[in-house]
Structure formats: structure tokens, C-alpha cells
Ligand code: SF4
Ligand code: SF4
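Listed below in C-alpha cells is the structure:
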């Protein structure tokens, strides 16, 4: 509930000038926006996150994962999915207000346009308003065009290596599917930040709708509470809301991205009258204010069993991902026997054939040396040993193992093939069987 005051009365309220609060959600948001902007640019450029479509690679945390490294990709995707689910259940749409690139760039474009309008208004105050507006629009669009190219470049870098992308951009590639897609993304980015902006959040983005499903009675909200009828109806909370809503109507409006700007506004107005603000972050509609004195786990949002289970699942997938990454080898060797013919005899020697595949998933050229273990008098016939493999390439080939017929005492003998990286480290071992003619045992 709030008191409706005539505008003329509200205008008479003289608010004493007070120093602004030291920490406001606005400042916190802007700091986080800046950090997220840097993160948005850095993630694909430092290979921390990229689904590289042309190369069919998934870059995660500096690792170049091949599409067949199912376990790691599975754990990484499940970890990211539960991170989104867990943060949405606990903190609602705080991601939208504080970290979403769409929100960051929309607000930045509005701020830039407003500052430009003020600057042109001051500098050419004697121009007619229509000419000033035209000048603002022209400068704004002229600046936003190259910025859109840059942002689209950063966005597409999540799917194409930045170096390849730069070459395409410099060549003004408009012939291939990749070039046309890049031009389309640039145009969409330009239209988004000139026309759509935050309307994207309430019309196109599915996350706001998803939040309606994931949220519950303990999810963080921005909530207006006025049991003492303190509201002076100044509407500053409405004016500062960049989503254009009145938080006093309901804390569950789909437009609300939980940014906290209205909290700052109310604290500013009522704080000058020596009163507390009426809008707060709360844990659900009925829950207490966030940050209130209570056990730190509850303060962090762990308020019921559901959240604990989600956190445990997140920890499981995080551990699985960590183990899978730490067990990963940059050079993957696979060996299998060629059993189209069991063996070959030539000049008192018996031969068994094997196939190998060496995938170098690291960023450096590498080589592998094959050797034999636990097979007496055997020798390896391979065109080159060590076998060199360029970074990101796969080499396939065959080799034969031979031994004198006289030493092949059994039809089937177990032995091991060792594949050792030339750079050192423990070799891969492959248990194999060597087949000899059956008559050897009867002689
Ligand atoms: S109502 Fe408040 S928290 Fe919600 S979007 Fe508007 S300013 Fe942000
Ligand atoms: S800023 Fe506070 S006092 Fe002013 S209208 Fe909003 S809730 Fe009421």
C-alpha cells in the first residue's frame, strides 16, 4: 500500500542534498557489467569457451576438446546447465540484470545516446530541436555501426576461431555461408541496439519465461513492502526502471530483471527524510530481506533441500569435469589388430598386422615411439618410428610385428605394445595377442 499524493504536493517536497550512499546497486551493477564485458570478449579469444563449428572442436577452460571426447563435453555441458538452473532457482533473474551481454550493451547504448543528446544540446543549444535530434541520431548510428561489427565479431568468435574470422572480415567475405552469417549477425546486432534493446528481454529471450518455471517461494526477488504507508508516491522508482515498470504493482512482473535500480531510487528519496527504503531484495514474497542477519548458508541462498540437491549435483558434475580434464591426454593413440588374415608367413618369419591412429589434440607438434614388451625375438616393421603428428591432426597407418617361426611356441601369445610420447611422460600400453600357425605346437 502507498499514499497517493497530488503531483503538485509531491513537487513541493524539498529533499535535502545528502551525499549518495557509498555502495549502491547501480554502482555494483556497473562494475559487474564492466567485468562481464571483459569476460565476454576474453572467453573466446583465450579459448576458454568456444564451440568451434568449422573445426568441430569445443574449447573449454583452455582445453581443445575433440568432438569425440564425449565424457568431457558431457560433464562441461551438464555443469553449465546446472549452473544456470541453480543460479536461477536461488537468485532469480539476477543474471539478466547483472551479467547478460544483451542487457549490458542495451544499457550502454542508451547511456551513450543520452550523453550524446546532452552534449549536443549544450554545444549547439541555439539549433532548432529537430536539427539537434537529427544530429544526435546521425552521430549515434555512425558510432554504433562499427561497434556492431565489433560486437558481432566477438559473438561469432564463440563459434569460429577469431583468426579465421578476422581473415574473412578483412576479405569482406560475402560469398560463403560463414560470411553471410557474419553479415546477418552484424545487422541483427545493429538493429538490436538501435531499436530493440530491452524489449528483447520481454519478447524474444526465453530465459525470462524459463525463470517463471524455475522460481519458487525462496527465490530472490525485488519486493516493495510498505506496511507503514511511508511511500510518498514520488515515482522515482518507476522513472529509473529501464524496463518501464512499477515495482509497486507486483514483484512477479516478467519485465523485472532484479537489477535493484529502484531500490537505490527509493533509498535515495526516503533516506533524505531519515526513513528506510521500501524496496528490497527478499527471499521470496514472504521471506526476509536478503543480507539480513542469519546463518551464512541461508544468506548465500541455500534455503531448502532443493537448493542443496542442485548444489550437490553441480558439485558432482564439476568434480566429474575436473577428473575428466585431468585424465585427458593431448595425444590419443589407438591400436587394433588387423584380423582380415590372422597371420602371414614369409622366410621362416610369422607376421601379424596392426593398425594405429594417433590424434594430436594439443597445440604443439608431437611424435610417438612404438615399442614391444613381453614378446621374445619380435621386431616391429613400421615405415617411420617415431611417428610425427602435427597439432590438431590425426595420423593413421599400419605396422607389422614379426618373429621367427622357431620361437613361436604357442598359437596365441599375449604381449604389450607401448606408445611413448617423445616429449616424455608415461607410455600408453595396449595389451595384444600375437597369433602363430597351429602346427608349431605339434612339432
Ligand atoms: S522494477 Fe526495479 S529491479 Fe525490476 S527491472 Fe525495474 S528497476 Fe530493476
Ligand atoms: S521511490 Fe519509494 S517513495 Fe518513491 S514512489 Fe517509489 S516506492 Fe514510493
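Numbering (the numbering used here), first residue to last: 8 to 450. Glycine is no exception: its CB is placed at the ideal position from the N, C-alpha and C atoms. Fair warning: this is a prediction, and the values are worked out from it, not measured in the lab.
Could you give the first and the last residue of the continuous beta strand (DSSP E) run that contains residue 364?
356-367
Can you name the residues that DSSP bridges to residue 407?
According to DSSP, which records beta bridges pairwise, residue 407 is partnered with 360 and 388.
Cβ of residue 192 within 9 Å of Cβ of residue 61?
no
Cut-off 8 Å between Cβ atoms - residues of its own chain near residue 201, not counting five sequence neighbours on either side:
116, 147, 148 and 151
Extent of the continuous beta strand (DSSP E) run through residue 165
No beta strand (DSSP E) holds residue 165; DSSP gives it neither H nor E.
Would you mind stating whether residue 420 and residue 382 have Cβ atoms separated by less than 9 Å?
yes
Taking just the CA atoms, how far does residue 269 sit from residue 228?
Taking the straight line joining both Cα atoms gives about 12 Å.
Residue 29 burial status per 10 Å Cβ neighbour count (16 or more: buried)
Bear in mind that the predicted position of residue 29 carries a pLDDT of just 49, short of 50, making it unreliable; the figure below should be weighed with that in mind. It is exposed - the Cβ of residue 29 has fewer than 16 other Cβ atoms within 10 Å.
Can you check the stretch 95-159 for any alpha helix (DSSP H) of at least 4 residues that lies completely inside it and give the ranges in chain order?
101-105 and 108-130
From which residue to which residue does the beta strand (DSSP E) around residue 71 run?
That run of the beta strand (DSSP E) goes 70-73.
Along the beta strand (DSSP E) that carries residue 374, what are the first and last residues, could you check?
373-380
What's the C-alpha gap between residue 42 and residue 345?
55 Å
Three-state secondary structure (DSSP) of residue 264
coil
What does DSSP give as the partner residue(s) for residue 287 in the beta ladder?
230
Delimiting residues of the beta strand (DSSP E) encompassing residue 67
64-67
Name the DSSP bridge partner or partners of residue 56?
67
Starting from residue 425 and walking both ways along the beta strand (DSSP E), at which residues does that stretch end?
419-428
Just to confirm, does residue 106 get its C-beta within under 8 Å of one of the non-hydrogen atoms of ligand 1?
no
If we cut at 9 Å on Cβ distances, does residue 381 have a partner in chain C?
Going by chain labels, chain C is absent from the structure shown, which holds only one protein chain.
Is any non-hydrogen atom of ligand 1 found closer than 8 Å to the C-beta of residue 264, if you look at the structure I gave you?
yes
Please go through the same chain and pick out, in chain order, the residues whose beta-carbon is closer than 8 Å to the beta-carbon of residue 385, but skip the five residues on each side of it.
379, 408, 409, 410, 422 and 441
From the DSSP output, read off the bridge partner residues of residue 435.
According to DSSP, which records beta bridges pairwise, residue 435 is partnered with 426.
Using DSSP's beta-bridge definition, name the partner residues of residue 353.
In DSSP, residue 353 forms a bridge with 356.
Cβ-based neighbour list, residue 425, same chain, cut-off 6 Å, excluding 5 preceding and 5 following
378, 380, 434 and 436
Is DSSP giving residue 172 helix, strand or coil here?
helix
Using the Cα positions of residue 287 and residue 94, report the straight-line distance between them to the nearest angstrom.
19 Å
Cβ-heavy atom distance, residue 287 to ligand 3, below 8 Å:
As far as ligands go, the structure on display features ligand 1 and ligand 2 and does not contain ligand 3.
Given 8 Å as the limit, tell me if residue 240 has its C-beta closer than that to any heavy atom belonging to ligand 2.
yes
Give the secondary structure of residue 414 by DSSP, where H, G and I count as helix, E and B as strand, and everything else as coil.
helix
What's the gap between the Cα of residue 119 and the Cα of residue 374?
Computed Cα separation, rounded: 54 Å.
DSSP beta-bridge partners of residue 343:
Residue 343 is bridged to 362.
I want to know whether the stretch 213-227 touches the stretch 309-320 - three or more CB-CB distances under 8 Å.
yes
Between the stretch 202-217 and the stretch 160-178, do at least 3 Cβ pairs fall closer than 8 Å?
no
Would residue 139 pass as a contact of residue 128 if the rule is Cβ separation under 9 Å?
Between residue 139 and residue 128, the C-beta gap is smaller than 9 Å, which places the two residues in contact.
Please confirm whether any heavy atom of ligand 1 lies closer than 8 Å to the CB of residue 269.
yes
Element boundaries [alpha helix (DSSP H), containing residue 396]:
Counting along the chain, residue 396 falls outside any alpha helix (DSSP H), though it belongs to the beta strand (DSSP E) covering 394-396.
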